[in-house]
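Start counting at 1 in the sequence shown, then tack on 13, and there's your number in the numbering used here. Everything on this sheet refers to the single structure shown next.
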Amino acid sequence: MDITKAIADTLDSVFSDIPIYTENIDFEEDDLKGPSFFVQRVSMNVIPHLFDMQKRLYRYNIVYFPKQEDTREDVDVMAERLAIEIQQIHGIARMTERNFEITESDPPFLELHFSFALEVHVMQDDGGKFNDKLDYKGGLKDG
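In structure tokens form, the structure reads like this:
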């Protein structure tokens, strides 16, 4: 399972009218048109466990680019929507360490950065390596 794709699919299920990028964006070629999202994996920590298991902590950053003429209020509204509507990646894990930060750059251009972590447990396959498909055991825990 591709976790980045699963995150993009989750975003798309809520914000189907907003483009979602998972590859590098070429600002010079004007690929980026607001509003849009950019999803990127920032890091992965691996903790070995018994019986060919690993606990992996994936850290992600989603950047929301509003239309350039949008106001800070629009970015605040998107932060609230993300906080309420995107709390888990279905079938994989609940998001933890969720953080929202608004940055501003010239010529004033706002960006919303939504960072979070996903804890996933994976098991070694019969071939002696960890699956690229992320066969995992577990699920979401309520409460």
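Note that the Cβ used here is the ideal one computed from N, Cα and C, for glycine as well. These numbers were taken from a predicted model, which means no experiment stands behind them.
Bounds of the beta strand (DSSP E) holding Leu123 are 122–136. Minimum Cα-Cα distance from Gln101 among the listed residues Gln81, Ile115, Leu123, Phe129 corresponds to Phe129. In the DSSP assignment, the residues bridged to Lys68 are Ile60, His134. In the same chain as Val59, and ignoring 5 residues on each side of it, the C-beta atoms closer than 6 angstroms to its own belong to Gln67, Arg69, in chain order.
Taken through DSSP and simplified to helix, strand or coil, Glu117 comes out as strand.
Counting only the Cα atoms, Asp65 lies some 40 angstroms from Ser49. A Cβ-Cβ separation of about 15 angstroms leaves Leu123 out of contact with Arg94 under the 8 angstroms criterion. Cβ-Cβ separation between Phe127 and Tyr77: approximately 7 angstroms, consistent with a contact (criterion under 8 angstroms).
For the pair Ala92 and Glu132, the CB atoms are not nearer than the 9 angstroms cut-off.
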